[in-house]
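K.L.:
Once you've had a glance at the structure underneath, I'll fire off some questions.
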Amino acid sequence: MERVNQYRQIVCDLLQDFAADDPEAQLIFDEQRDRYLVMHNGWRNDYRIYGCAMQLDLIEGKVWIQHNSTEIVIDRELVGRGIAPQDIVLGFRAPKVRERLAALQKNIGSKP
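Okay, here's the thing in structure tokens:
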């Protein structure tokens with residue numbers, strides 16, 4: 001449980017850091033369901049800005065990257081902040097692709 005609480009704090013900190021310089025960024029944290037989003041909702045001149053920039057969920061003790069429309073490589077950022085690579089799931093990828101990526105990661109990690 002301690003690990004999940006640590007992951008939850010890391011996710012919240014990452015999203016808060018991302019949104020810090022954007023007054024139109026909306027942080028949406030649903031701590032009961034462990035869903036964490038950054039949304040944009042506003043105007044830049046005559047252009048409507050609306051959409052999800054990032055969504056991270058905690059599911060069964062792992063951090064799921066559900067959406068990323070930023071230039072940030074979120075999985076690397078999460079690892080750098082203390083989340084174990086095996087506890088990050090690329091939820092925006094098809095399950096079969098995730099399986100292949102996990103196998104590839106194991107093979108890369110086991111080479112001398």
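Using the UniProt record's numbering, the first residue of the sequence shown is number 1, and each one after it goes up by one. Ideal Cβ placement from N, Cα and C applies to all residues, glycine included. All figures in this text were calculated on a predicted structure; none of them were measured in a lab.
1. Buried or exposed for MET54, please, with buried defined as at least 16 other CB atoms from any protein chain shown within 10 angstroms of its CB.
2. At what residues does the alpha helix (DSSP H) containing GLY80 begin and finish?
3. Whose C-beta lies closer than 7 Å to the C-beta of GLU83 among residues of the same chain, with five residues either side of it excluded?
4. Give every residue of the same chain whose Cβ lies closer than 6 Å to the Cβ of SER69, excluding the five residues on either side of it in the sequence, and list them in chain order.
5. Buried or exposed, going by whether 16 or more other CB atoms sit within 10 Å of the CB of VAL38?
6. For ASP30, which of ASP57, ARG76, ARG48 and HIS67 has the nearest alpha-carbon?
7. For the candidate residues MET1, GLU24 and ILE28, whose alpha-carbon lies nearest to that of ARG48?
8. Can you find a heavy atom of the ligand COA that lies under 8 Å from the Cβ of GLU99?
9. Within this structure, are the beta carbons of ARG3 and GLY61 separated by less than 9 Å?
P.N.:
According to the structure shown:
1. buried
2. 74-80
3. Here the sequence assigns Ile to residue 83, which means Glu is not the residue at that position. Around ILE83: TYR7, ILE10 and VAL63.
4. ALA53
5. The residue in question, VAL38, is buried, as its Cβ has 16 or more Cβ neighbours within 10 Å.
6. ASP57
7. Of MET1, GLU24 and ILE28, the residue nearest in Cα terms is GLU24.
8. Ligands displayed in this structure: none; no statement on the ligand COA is therefore possible.
9. It is a contact, given that the beta carbons lie within the stated cut-off.
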